[in-house]
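Its first residue numbered 0, the sequence shown is counted upward by one per residue in numbering that gives the first Met the number 0.
Backbone N, C-alpha and C fix where the C-beta goes; we use that ideal spot for every residue, glycine too.
Just so we're clear, the structure is a prediction, and the values are computed from it rather than from any experiment.
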Amino acid sequence: MNKPFITQAQLALYKYQPSSKYFGQSMALIAQKEFEEFVNNVKEYDILESFSYFLNKRVAHNIWKIYFSDESVIFIRKSEENGKTVHEFVYQEYTDSSDFNSMFE
Numbered sequence: 000m001n002k003p004f005i006t007q008a009q010l011a012l013y014k015y016q017p018s019s020k021y022f023g024q025s026m027a028l029i030a031q032k033e034f035e036e037f038v039n040n041v042k043e044y045d046i047l048e049s050f051s052y053f054l055n056k057r058v059a060h061n062i063w064k065i066y067f068s069d070e071s072v073i074f075i076r077k078s079e080e081n082g083k084t085v086h087e088f089v090y091q092e093y094t095d096s097s098d099f100n101s102m103f104e
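Quick look at the structure:
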C-alpha cells in the first residue's frame, strides 16, 4: 500500500471541525468508519497494513491495538471462520483491561 487510507491530520479535522459529520467523536471511531468506506472503493486491501501507519502493537496472538492521538484505540482481532479470515473491530476511548479477548464478546 502506498499511502494510508486516512491521516492523523484528517482525523483531527473530522473530530474538531464543527461542520464535520464526525465532530466530537473519537478518532478510533472515525478511523473505523472511514476504513469501512475505503474498503468499498478498493478491490484488494490488507487490514493490518492499512492501519500500520498509526502507532500499533500486537497485544495477543491474534489481536492488534491501534493508537490515536486523542488516546482512543481500536482493537482488531483476526480469526478464521469457515476457512475465511475474519477481522473484528472494537473501538474504545479508554481501556484498563489486559484480557483483550473479553472485549470481543
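According to the neighbour-count rule (16 or more other Cβ atoms, all chains shown, within 10 Å of its Cβ), is Ser25 buried or exposed? Walking along the sequence shown from the start, residue 25 turns up at place 26. Buried, by the Cβ-count rule.
Could you tell me the alpha carbon to alpha carbon distance between Glu49 and Pro17, rounded to whole angstroms? The residue labelled residue 49 in the question sits at position 50 within the sequence shown. The residue labelled residue 17 in the question sits at position 18 within the sequence shown. Residue 49 is actually Ser in this sequence, not Glu. Roughly 27 Å separates the two Cα atoms.
In chain order, what are the residue ranges of uninterrupted beta strand (DSSP E) at least 3 long that sit wholly in the region 10-84? 55-59, 62-66 and 72-80
For Asn40 and Glu70, the rounded distance between their alpha carbons: As a first step, residue 70 is located in the sequence shown; it is residue number 71 there, counting from the start. As a first step, residue 40 is located in the sequence shown; it is residue number 41 there, counting from the start. About 28 Å.
Per DSSP, the bridge partner or partners of Gln91: Translated into positions along the sequence shown, residue 91 becomes position 92. Paired residues: Val72.
Write down the C-beta distance between Ile75 and Phe67 rounded to the nearest angstrom, noting that I regard them as a contact closer than 8 Å. As a working note, residue 75 is residue 76 in the sequence shown. As a working note, residue 67 is residue 68 in the sequence shown. About 13 Å; that fails the 8 Å criterion.
Who are the Cβ neighbours of Arg57 in its own chain at under 6 Å, not counting the five residues just before and after it? Working through the sequence shown from its first residue, we reach residue 57 at position 58. Trp63.
Span separating the alpha-carbon of Leu10 from that of Lys83: Stepping through the sequence shown from its first residue, residue 10 is reached at position 11. Stepping through the sequence shown from its first residue, residue 83 is reached at position 84. Each residue's alpha carbon lies about 31 Å from the other.
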